[in-house]
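Data block below; observations after.
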Amino acid sequence: MYRCRITVMRQVFHADLAAQYENPIQHACDMEVGQVFYAENGERPEGFCQSAWESMQSFVEELARGGGNFYDGWMKNPHSAMISCNDGFRPVSFLIEVVE
1387 MYRCRITVMR QVFHADLAAQ YENPIQHACD MEVGQVFYAE NGERPEGFCQ SAWESMQSFV
1447 EELARGGGNF YDGWMKNPHS AMISCNDGFR PVSFLIEVVE
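Sequential numbering from 1387 applies to the sequence shown in the numbering used here.
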């Protein structure tokens, strides 16, 4: 199994959508741009957002097994993926890469 690095690349907040549709919440996301996590054996890193993990788990597991090349050449590096969490109000983009 390969080790995967998960890097927080970008965070977006759609204030207009949140104002129109979301009930106010005090604590939505702990991720910070530049933050790095390591997935060992395709498993969720400690402290990593469960919701974000559910969006990327299958990609991390496939990369950890040595797979990749998703969608016939989607990524320049076939041993990586760019995945966003499923929060429609404040999506976070993550770069997942196999590391030696």
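Ideal Cβ positions, reconstructed from N, Cα and C, are used throughout, including at glycine.
- One alpha carbon belongs to arginine 1451, the other to arginine 1391, and they sit about 14 Å apart.
- The bridge partners DSSP lists for phenylalanine 1480 are Val1394, Ile1469.
- DSSP places tyrosine 1424 in the strand class (E or B) of the three-state scheme.
- DSSP places valine 1485 in the strand class (E or B) of the three-state scheme.
- Excluding its 5 nearest sequence neighbours in each direction, glutamate 1426 has C-beta neighbours in its own chain below 7 Å: Arg1389, listed in chain order.
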